[in-house]
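Numbered per our numbering, the sequence shown spans residues 1029 to 1449. Backbone N, C-alpha and C define an ideal beta-carbon position, used for all residues, glycine too. Beneath this line is the structure, given in structure tokens, with notes to follow.
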Amino acid sequence: MPPASTKAAATSASADTRLSPGAPGYRRTSLALFAAGLAAFALLYSTQALLPAISAEFGATASAASWTVSAATGALALCVLPLSALSERFGRRTMMTASLSVAVAVSLLVPLAPNLETLIALRALQGAALAGLPASAMAYLAEEVRPKALIAAIGLFVAGNSIGGMSGRIVTGWVAQMWGWRAGLAAVGLTSLLCVIAFRALLPKARHFTPGTLNPKALAGAVRTHLSDPLLVRLYVIGALFMTVFGAVYTVIGYRLVEAPFSLPQGVIGSIFLVYLVGTVASAAAGKLVGRLGRRGALYLAVSTTAAGLLLSLSDSLAAVLAGLVLITAGFFAGHAVASSSVSRTAKTGRAQASALYQSAYYLGSSAGGTLGAIAYHAGGWAGTVLIGLVAVLGVVSVTLYGSHSARVAARRPQLAAACN
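What follows is the structure, encoded as structure tokens:
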């Protein structure tokens, strides 16, 4: 006869009505958030592959044109926390729908920008609109999906991000080569509109969401609670540093490939982003990596892969550069999936705020990486951009090592207390 604890665990598991693989709503939820992630990343980074063309039209430097990316990610970072608070009141599904709808509407105005300043302003507005999606999506999954399936579900959402980033850049690259960068941006906007329609049609209504009140004091209290948790703070820093690497590399890579010795056309440069498929695989595999290596082991593997890619990309061989981008992309997406899912599992209350703080740090890292990477490229070429990436990678290693040390110290305390008694 099974022990009572086993019976209780079985009863608790059977009573859990949240989604798990094989459940009717799990596949629809995964596909819906995959579509949302695809649209969001395609829109958010829609100008990144077009930066050389934008620089040429407006007579702008790489660092000036990079603000069409950094303004969007920076605005998202600033707005994600207040919009996550609105999702606590009005619901994750409503917030995600409104966020994507406004972002798509702005995307239809972006191609009409008469100058660089207007383009940057519209991109900032677009980033602010998209701020309602990331934390709400993470919180929705944490509430609607069983804990054991959470990393896999978030991995699929991040995979949608990677395919969105890839497809957006490829579409803009080839369309821009034929009809100009404005047509490329319009094509991404129309594609994203179809994704939003699919998202709304597929996503099931939330069954485990409890509306809260818009209480600024409670919001500030939740933020203080999360920022006083050392593990959450380390995860926020790790997310920001990983994104610093990624933002620096992909903001500048187009400038490097359009120049000698590569001299690639715009469409081919856009196709380089096919390496995002590696990110899709790495994100989806993050759960298995954590199961085998643990969270810190998975982060060390992601960091090592990213650093190897940065060093390999220094070569003047196109094959080596592509291999370097593959490693950087795999390492980044694996690290991001591990860190973001760990935030959702660590936060016991105020999950939307916990995820929002992670997203704020993550996109601030993107803005910093894009801007610093472009400045470093202007000052020292591709080697300068790689140096920015390696410094960020070293930061991830330092934070993870500190976390390991802190865990060992915490584990020793009960033993020391018992010995003293």
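Around the beta carbon of L1353, 16 or more other beta carbons lie within 10 angstroms, which makes this residue buried. C-alpha of V1349 to C-alpha of R1121: approximately 41 Å in a straight line. Of all alpha-carbon atoms in F1227, W1202 and V1371, the one lying nearest the alpha-carbon of R1262 is that of V1371.
Classified as buried, V1273 has 16 or more neighbouring CB atoms from the shown chains inside 10 Å of its CB.
T1399 is positioned such that its CB atom lies closer than 9 Å to that of S1091.
Annotation for I1148: the continuous alpha helix (DSSP H) segment containing it runs L1144 to L1158. For G1431, the closest C-alpha among the options A1246, F1062, F1185 and L1327 is that of L1327. By alpha-carbon distance to A1149, the top candidate from F1118, T1101, A1177 and L1128 is T1101.
Inclusion of V1199 and G1188 in the CB contact set at 9 Å is not warranted, their separation being larger than that value. DSSP assignment within the region 1321-1409 yields the following whole alpha helix (DSSP H) runs of 4 residues or more, N-terminal first: 1346-1374.
Here A1093 has L1079, I1082 and S1083 as same chain residues with Cβ atoms under 6 Å from its own Cβ, once five neighbours each way along the sequence are excluded.
Per the C-alpha coordinates, the member of P1162, P1139, L1302 and P1142 positioned closest to A1067 is P1162. In terms of Cα proximity to A1177, the closest of A1313, Q1381 and V1265 is A1313.
With fewer than 16 other beta carbons inside 10 angstroms of its own, V1437 counts as exposed. Taking 9 Å as the cut-off, the beta carbon of T1125 is found no closer than this to the beta carbon of W1209. Counted as a single uninterrupted DSSP element, the alpha helix (DSSP H) harbouring I1266 occupies residues P1258 to V1286. The Cβ atoms of L1147 and T1096 sit closer than 9 Å to each other. With fewer than 16 other Cβ atoms inside 10 Å of its own Cβ, M1206 counts as exposed. Taking C-beta atoms as the reference points, G1363 and I1191 fail to come closer than 9 Å. The three-state reading of DSSP puts P1289 in coil, since its state is none of H, G, I, E or B.
In this structure the region 1213-1222 lies against the region 1130-1145, because at least three pairs of beta carbons, one per stretch, are closer than 8 Å.
The C-alpha of A1407 is placed about 25 Å away from the C-alpha of Y1390. Counting along the chain, no alpha helix (DSSP H) covers L1140, and no H or E run does either. Excluding five sequence positions before and after T1374, the CB atoms of its chain that fall closer than 8 Å to its own CB belong to D1257, L1259, L1260, L1263 and A1382, given in chain order. Look at the beta carbons and you see the region 1101-1121 touching the region 1152-1166: at least three pairs across the two are nearer than 8 Å. Following the DSSP letters along the chain, one finds G1307 inside the alpha helix (DSSP H) bounded by residues Y1304 to A1312.
In this structure, the alpha-carbon of V1296 lies about 11 Å from that of F1290.
Scanning its chain for C-beta atoms nearer than 7 Å, with the 5 sequence neighbours on each side dropped, one finds around L1059 the residues L1230, in chain order. The three-state reading of DSSP puts L1231 in coil, since its state is none of H, G, I, E or B. Check the Cα spacing between R1284 and each of V1203, Y1168, S1299 and Y1405: the tightest is with Y1405. One thing to note: S1345 has its Cβ no nearer than 9 Å to the Cβ of W1410.
Per DSSP, G1298 is one residue of the alpha helix (DSSP H) stretching across Q1294 to S1299. Taking 9 Å as the cut-off, the Cβ atoms of V1173 and T1308 do not count as close.
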